[in-house]
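In our numbering, the protein residues as written are 67 to 113. In what follows, a single structure is set out as structure tokens and then discussed.
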Amino acid sequence: PIQNNLYEWHFTIRGPKDTEFEHGIYHGRILLPPEYPMKPPSIIFLT
Numbered sequence: 067p068i069q070n071n072l073y074e075w076h077f078t079i080r081g082p083k084d085t086e087f088e089h090g091i092y093h094g095r096i097l098l099p100p101e102y103p104m105k106p107p108s109i110i111f112l113t
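Structure (structure tokens):
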């Protein structure tokens with residue numbers, strides 16, 4: 067999570083093997099609303 071904010075998480079994932087995305091590294095954010103889990107999170111890819 068972002069320091070002092072448990073509602074915003076940054077993540078990094080690698081592309082799946084044996085695909086054209088294999089060497090890719092993808093970054094994103096997960097934003098949890100204060101009403102979570104009654105409201106779904108937002109997932110935003112930055113790359």
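Where a beta carbon is used, it is the ideal one built from N, C-alpha and C, also for glycine.
Item	Value
When you compare only the Cα positions, how much space is there between GLN69 and HIS76?	11 Å
Let me know the secondary structure DSSP gives LEU43 once reduced to three states.	It is not possible to answer for residue 43, since the shown part of the chain is limited to 67 through 113.
In chain order, what residues of the same chain lie with their CB nearer than 6 Å to the CB of LEU112, ignoring the 5 residues before and after it?	HIS93 and GLY94
What three-state label does DSSP hand GLU74 in the structure shown?	strand
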